[in-house]
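Chemist: These protein sequence lines are chains A and B, in that order.
Start counting the first sequence at -3; every next residue gets the next number (this note's numbering).
Start counting the second sequence at -3; every next residue gets the next number (this note's numbering).
Just so you know, even glycine gets a beta-carbon here, dropped at the ideal spot from N, CA and C.
Number of protein chains: 2
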Amino acid sequence: MNPDSRTPPVGVPFDSDDPNNRCFGCSPDNEQGLRMAFVKTGCHAVEAHYEVAEHFCGAPQVVHGGIQATMLDEVLGFACRTAFADDDVDGLQIVTAEFSLRYRIPVPTGVQLLLRGEVERTEGRNIFVKGAILDDAERELTRGEARWVRLA
Amino acid sequence: MNPDSRTPPVGVPFDSDDPNNRCFGCSPDNEQGLRMAFVKTGCHAVEAHYEVAEHFCGAPQVVHGGIQATMLDEVLGFACRTAFADDDVDGLQIVTAEFSLRYRIPVPTGVQLLLRGEVERTEGRNIFVKGAILDDAERELTRGEARWVRLA
């Protein structure tokens, strides 16, 4: 295995030890961030379990729509990484280009949530991904779809 | 004027003294939040000036896509409030139903940004809004469109 690979084997968490990562969503070192961690669950699929703190609410006890977007942007971004072969990820740079969300059921703070993301297809530099925030009964609360673009 | 009105006169900031507001986006009392404040700039239009702290980054020095979504969700939400007459906002409850973003140019942390939101139209309980994050030259960096729904 290439130790720099961004795509771990299925069932294994993504590396989070990059000292340059200060990301609000996934840096373990950003104490004001979400500090989410992701596991590869299929060839082009990832998951996270996450409980949102109350200070990320919109209405009381409901996760802010923008924080839901942050969580989905993260899970879709990690899903994107699985679109590339291990020998093709050196210096990988990907960004969100278009992102659509459908808020179906209010997402509660303070309970364990499941996030799922997967690659739908790639077209040239474009990676099309979709995912969702689910409750513990795997009921879909909020759905997201995005087009990401590979810059490098 | 009704002192409980959610829609101030044009040129006047929205009230932010609701002690129950703990919103990550706009509560002045949520120290871990964005603490955004909005001004009504037209009959159905609102604006905010805002500088994003570095701990809300995705890549270094770039505002996280989810935080951009949070900022746009806020400005669009405040724009929604202008869709209702002052005598029709007691107990107003509105939520985001659908939300689409187009990330055009990276949004930098640590610089003054302008957010604009406006009502496009209403259809029954639905409020259609659009807005953008702009730089100091009023160049559009990220664009957002949403459908909100009035619940009460």
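Quick one: using the 10 Å Cβ neighbour count with 16 as the cut-off for buried, is Val8 (chain B) buried or exposed?
Modeler: Exposed.
Chemist: Please state the DSSP three-state secondary structure of Thr105 (chain A).
Modeler: In the structure shown, Thr105 (chain A) sits in coil (DSSP, three-state: anything other than H, G, I, E or B).
Chemist: For the alpha helix (DSSP H) that Val71 (chain A) lies in, which residues bound it at each end?
Modeler: From DSSP, the alpha helix (DSSP H) with Val71 (chain A) extends over Gly61 to Arg77.
Chemist: Do Phe95 (chain A) and Phe20 (chain B) have their C-beta atoms closer together than 8 Å?
Modeler: No. Outside cutoff.
Chemist: Could you tell me whether the Cβ of Met120 (chain A) comes closer than 8 Å to any Cβ of chain B?
Modeler: According to the sequence displayed, residue 120 (chain A) carries Gly and not Met. Gly120 (chain A) does not count as touching chain B.
Chemist: Under 7 Å Cβ-Cβ, which residues of chain A neighbour Phe52 (chain B)?
Modeler: Correct list: Phe20.
Chemist: Along chain B, in chain order, which residues have C-beta atoms closer than 8 Å to that of Ile63 (chain A)?
Modeler: Chain B residues near Ile63 (chain A): Phe20, Gly62 and Thr66.
Chemist: Could you check whether Ile90 (chain A) and Arg146 (chain A) sit closer than 8 Å to each other, using their CB atoms as the reference points?
Modeler: Contact flag set, yes.
Chemist: Just to make sure I have the definition right: I need the residues of chain B whose C-beta is within less than 8 Å of the C-beta of Pro56 (chain A). Which are they?
Modeler: Near Pro56 (chain A) (Cβ distances below 8 Å), the residues of chain B are Asn16 and Arg18.
Chemist: Exposed or buried, which one is Arg136 (chain A) when buried takes at least 16 other CB atoms within 10 Å?
Modeler: The identity of residue 136 (chain A) in the sequence shown is Glu, whereas the question assumes Arg. Exposed, by the Cβ-count rule.
Chemist: Below 8 Å, how does it come out for the region 71 to 86 of chain A and the region 114 to 126 of chain A: are there three or more Cβ pairs, yes or no?
Modeler: Flag = yes, the region 71 to 86 of chain A and the region 114 to 126 of chain A touch.
Chemist: With H, G and I counted as helix, E and B as strand and the rest as coil, what does DSSP make of His45 (chain B)?
Modeler: His45 (chain B) falls in the strand class under three-state DSSP.
Chemist: I need the straight-line Cα distance from Pro4 (chain A) to Val58 (chain B), nearest angstrom please.
Modeler: Whole-angstrom Cα-Cα distance: 26 Å.
Chemist: Applying a beta-carbon distance threshold of less than 8 Å, which residues of chain A neighbour Tyr46 (chain B)?
Modeler: What Tyr46 (chain B) touches in chain A: nothing, since even the nearest Cβ is about 13 Å away.
Chemist: Going by the beta-carbon positions, is the gap between Lys36 (chain A) and Val6 (chain A) smaller than 8 Å?
Modeler: Yes; because the gap between Cβ atoms is below 8 Å, this pair is in contact.
Chemist: Pairing CB atoms from the region 103 to 110 of chain A with CB atoms from the region 56 to 76 of chain B, are three or more of them under 8 Å?
Modeler: As far as the Cβ criterion goes, the region 103 to 110 of chain A does not touch the region 56 to 76 of chain B, which means the pair count is below three.
Chemist: Starting from the Cα of His40 (chain A), find the closest Cα among A:Glu141, A:Arg121 and A:Leu72 and give me that residue.
Modeler: The candidate whose alpha carbon is nearest that of His40 (chain A) is A:Leu72.
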